[in-house]
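Residue numbers (the numbering used here): 243 to 627. Everything below concerns the one structure shown next.
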Ligand SMILES: Nc1nc2c(ncn2[C@@H]2O[C@H](COP(=O)(O)OP(=O)(O)OP(=O)(O)O)[C@@H](O)[C@H]2O)c(=O)[nH]1
Ligand SMILES: [Mg+2]
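Next comes the structure, spelled out in C-alpha cells:
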C-alpha cells in the first residue's frame, strides 16, 4: 500500500481531491486539521489516504484470518443460544440470563472486530494492535483476543467514564486477577471427598491423579485412595496402579457402576478418593452419556482437565460437553508447553470455572500446584508500576 497525503482548503475539499486522485473507493487512513493555517480562511485539512484496490490487496490475508475468527465466534454464539433455548424452560429465560451467557462471546467478537479495524495500521503492530499492554500479555502467554479485552478493561478501570483512559500496570494486574478465579486445591478439601477427573483424551488426567495422590499423601498428610474406570483400553490402568503402589495408596480398577460404588464404599473413610475416567471426544455422545450415568449413580464430584493451549472458545464447548454446571473446578495441564503462564486464563474464561490446580511437567509429583492469582499475575504482567 502506498498512502498519499492530500491537502484541501476544507475537509470537503480535501476529500474531493482524494477521490479525484485515488478513486471513488479510496480508503481514508487519517485526517487532521492543519493548525498552522487555522487562522487563515476556512479550516484546511490534510488527509492520508490510499487507493481501495491497493488496500484490499494489502489486507486480504488478514481479512481472511479475521473473518475466520469472527465466523467461529458467531458459530459459538449461535450454538450457545440454541443450547440455552433447549436447556432452560422458556418462562425462565430472562434478559439477565441471556446477557450473562453472551457477555464473554460478545466481548471476544468485539475485540476481534476491533483487530479488523486496527489492521489498517502499521503491519508491524498487528499482533498487539500497537498496544503495549496487549503486547505484554501476549508475550506472557495470554490468548490475543483476551489480551485485547483485558487491556480495554484496564483502561476503563483507570477512567471509567471520561478522561485520557491511560491505564497503568496495577490496573492490568487488577483485571487479570479479577478474571483468574481460583478455588481451594483438592488436598485441602475439608470433609472426605471423592472426585473424578474428566476431559478429552490425552490432556493429563491420569498423570495428574498420580501427582495429586502422591502430594496429598506425603506433603499434605491426607489418606488417599485411587480408582480407575479406564479399564477397556489396553494400558489404561497399569501406570496408575504402579504409581499408587509406589505411594502406598490403595488402588481399585472397576469396570461398571456397581463395582465403582463398591470401591467408593470401601474407601469411604479416606480423606480424598481420586477417580480416573477414560478420555472421551467431545463429539462422542455415547461416551459422554456413559460418564453422565456414572456421575448420576455415584454423586461423584467432577473436575475438568484441559491443557493450557486450549483456546477460550473451545474450552467453553468442552466445559458444556463434560458436565456444564456439574463441574466443580478446572485443572490446567502442560503449562510448561504453553506460550507462557497467561495461557491458563483461556480455560477459566471459556468455562467460567475456577482453577484448583495447574500442572507444568511430566515428573511426579512436583509439577502439580495450587495457584495464587497475585503471584501468577506478576509472572504474566511483571511488577513494573
Ligand atoms: N509436558 C507435560 N506433559 C504432561 C503434563 N501432564 C501430563 N503430561 C503428559 O501427557 C501425556 C498424556 O497424559 P495422561 O495422563 O496419560 O493423559 P490422559 O488425559 O489420562 O489421557 P487418556 O486417558 O488417554 O485420555 C503423557 O505423556 C503425560 O506424561 C504436563 O503438565 N506437562
Ligand atoms: Mg488416562
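A virtual CB, placed ideally from N, CA and C, is assigned to each residue, including glycine.
Local conformation of residue i per DSSP, three classes
i           : result
residue 270 : strand
residue 248 : strand
residue 622 : helix
residue 398 : helix
residue 351 : helix
residue 536 : helix
residue 462 : coil
residue 419 : helix
residue 529 : helix
Any non-hydrogen atom of ligand 1 closer than 7 Å to residue i Cβ
i           : result
residue 556 : no
residue 193 : Since the first and last residues shown for the chain are 243 and 627, residue 193 lies out of range.
residue 584 : no
residue 529 : no
residue 608 : no
residue 602 : yes
residue 265 : no
Identity of the residues DSSP links to residue i by a beta bridge
i           : result
residue 238 : Here the chain has residues from 243 to 627 only, and residue 238 is not among them.
residue 469 : 494, 517
residue 544 : 438, 569
residue 392 : None; residue 392 has no bridge partner.
residue 288 : 249, 274
residue 424 : 597
residue 549 : 575
Neighbour-count burial assignment, residue i, 16 or more Cβ in a 10 Å radius
i           : result
residue 374 : exposed
residue 493 : buried
residue 299 : Annotation note: pLDDT 46 at residue 299 (below 50); position unreliable, coordinate value reported separately. Looking at its Cβ environment, which holds fewer than 16 other Cβ atoms inside 10 Å, residue 299 is exposed.
residue 392 : buried
residue 567 : exposed
residue 350 : buried
residue 385 : buried
Spatial distance of residue i from residue j (CA atoms)
i           : j           : result
residue 395 : residue 417 : 7 Å
residue 497 : residue 421 : 39 Å
residue 483 : residue 516 : 12 Å
residue 248 : residue 265 : 13 Å
residue 610 : residue 382 : 20 Å
residue 257 : residue 587 : 45 Å
residue 250 : residue 293 : 18 Å
residue 490 : residue 522 : 29 Å
residue 570 : residue 504 : 23 Å
residue 254 : residue 445 : 60 Å
residue 364 : residue 271 : Note that residue 364 has pLDDT 45, beneath the 50 cutoff, so the model's placement of it is unreliable and the number below is only indicative. One C-alpha to the other measures close to 11 Å.
residue 556 : residue 549 : 11 Å
Residue i beta carbon near ligand 2 (any heavy atom closer than 7 Å)
i           : result
residue 447 : yes
residue 477 : no
residue 472 : yes
residue 518 : yes
residue 532 : no
residue 383 : no
residue 566 : no
residue 510 : no
residue 372 : no
residue 187 : Since the first residue of the chain shown is 243 and the last is 627, residue 187 is not available in this structure.
Min CB distance residue i to chain C below 8 Å
i           : result
residue 516 : Annotation note: the requested chain C is absent from the structure, which comprises a single protein chain.
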